[in-house]
Structure formats: C-alpha cells, structure tokens
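Participant: One structure is given below, represented as structure tokens, and several questions about it will come after.
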C-alpha cells in the first residue's frame, strides 16, 4: 500500500518507488527536528515522525495522554520492516491546538484524516492508553480504515483510571513544573526507563496547556466506547502490564468482553508504558501479530 499515487505521473511513480530506501528512526536528540507537518483538516496541522521501509505496510502509532510521538522512539529501533508514522495528536507535542474539542471521537477523526492525507485507504493502527481509545474508536467509526488493531494499556472506559486525575488537576499549579510531583508521578513506571526519552518528555508534557489537560480528563470520565467495539472488523491484539496503576485487570476483563476475538498478552512486572520498559519484547510480540 505505497503512496506512489501521490506522484503525478506513472513513470515518476515507478521511479520514485523503486528507489525508496529504508528510513532510520531518529535519535531522541534529533526527534523534534525530524518532525514533518501536514494539514489534515481545517483545524489541525499535524506533526509526525516517519521511518522504516517506504514500500512496507503502513503502521500508525498513536501515543497516550500528554505524550507525543517521542515516546515511540524507545521501540522504534526494533521496528524497521514496515512504514511507520508516529503522530502528535491535537493539543500534544507540535501539532496545533484547536479551540475545540478533545474527545476520543475528535482524536479518532484526526487519525482518519491523517491516513487519507498520507494517501492511504487503511493502516495497521497501534495505540497506547489514550491512543488506544482513539484507535478503538477509529476502528469502530471507520472499520475499513484499520487493517489490524493493537491496543496497549487500554480500556473501553477510562473513567475509573482518571477519576483521581481531575482532582489532581484541580489542585495543580499551571504551568506545570516538569520536575514537580505531579509530572514525576504521572510519568512513573516500575521498570527501567530511558531517561534520554523521559527527560525531554517531562518538559513537553508540562508545556501542554491547562485547558487541554482538563478537557481530555473530563471527556475520558464520560465516554465509553465499549458498545461501539461490535463494529470493529480488524483483527485485534491487547497488551497489558500487570503493574499498571491506571488501567486495571478489571478493565482488561471488560475490554476482552467487548472484543472477544482479540488476542491478549499480559506482561508480568511491567507497567502502564511497558514498551518503554521492555521495548524489545513488546516489539517482538507486536511484529508477530502484524506478520500473521
């Protein structure tokens, strides 16, 4: 599913595609400088990082709440055989911040617009946390656009996991301190972490506007996409770490009930962002599923 059609003439299409070479993922130091930008709709100019085989199957990577595409840099060295697109969602990273809105459906429509703006009809879609809800809603709203679906640290209803967050945000002082208690607690995982990723990420998370933080949290408290999962046609894989303090085992029971045919992998000893903690293992499981 190459994007050769974006080039005007047939001869140029063949030439451009035949000369395509694998793009190495950027280092954490070069991550921001490697971002590209595309206007996906009237409200959003989306930042993204692209790597892998331009002739390979396209894979869309959707980050979690307050994160940005940088977080996929931990696992990117293990992902090179496909054509990867890691986006910054609206309000995050270097993507524009529209006046409205920040519900899962808004993020999902942006993802759909991005797929089409890149010249594809569909992609494999991998989402983490908020990004997994976005991926699930995308797959239910536009099932034909999702070839395979991977849900990392996911739940059909995030309200239980973020109920404390609204209280914490109400007490937080904005702009947030990247070295303060809130950000340090928010970024916690039990395993070893790549500080070259986590260090700059804390500052990028702290820079996210107050209204974006609070709008997302309010939306997650009321939106349950579980009933819509019946419309998902893509093969699905669910990944969850048993040390996740945001998304609990009960959430996995509910998610697997909503997606009864999905494959499920549990990571003992790993937390909410297990692909930061053990990227080689998670990449192996991810690629095995995508290869099926």
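Residue numbers (the numbering used here): -2 to 289. Yeah, the Cβ is synthetic: ideal placement off N, Cα and C, and Gly gets one too. Nothing here was measured: the structure is a model prediction, and the numbers come from that model.
Quick check on residue 200: does DSSP put it in helix, strand or coil?
Facilitator: helix
Participant: Does the Cβ of residue 271 have 16 or more other Cβ atoms within 10 Å, making it buried, or fewer, making it exposed?
Facilitator: buried
Participant: Where does residue 264 sit, in a helix, a strand or coil, going by DSSP?
Facilitator: strand
Participant: Thinking just about the alpha-carbon of each residue, which of 122, 87, 233, 185 is nearest to the one in residue 254?
Facilitator: 233
Participant: Which two residues bound the contiguous alpha helix (DSSP H) that contains residue 128?
Facilitator: 127 to 138
Participant: Please determine, among 47, 214, 32, the residue with the shortest C-alpha to C-alpha distance to residue 154.
Facilitator: Nearest C-alpha to residue 154: 214.
Participant: Buried or exposed: where does residue 103 fall if 16 or more other Cβ atoms within 10 Å of its Cβ makes it buried?
Facilitator: buried
Participant: Determine, using beta-carbon pairs with one atom in the stretch 70 to 90 and one in the stretch 201 to 216, whether at least three such pairs fall under 8 Å.
Facilitator: yes
Participant: When you compare only the Cα positions, how much space is there between residue 69 and residue 96?
Facilitator: Taking C-alpha positions only, residue 69 is separated from residue 96 by approximately 27 Å.
Participant: Alpha carbon to alpha carbon, how far is residue 126 from residue 150?
Facilitator: 5 Å
Participant: Taking the C-alpha atoms as reference points, what is the distance between residue 183 and residue 164?
Facilitator: Approximately 14 Å, taken between the alpha carbons.
Participant: Just to check my reading of the structure: residue 48 and residue 81 have Cβ atoms closer than 8 Å, yes? What is that Cβ distance to the nearest angstrom?
Facilitator: 5 Å
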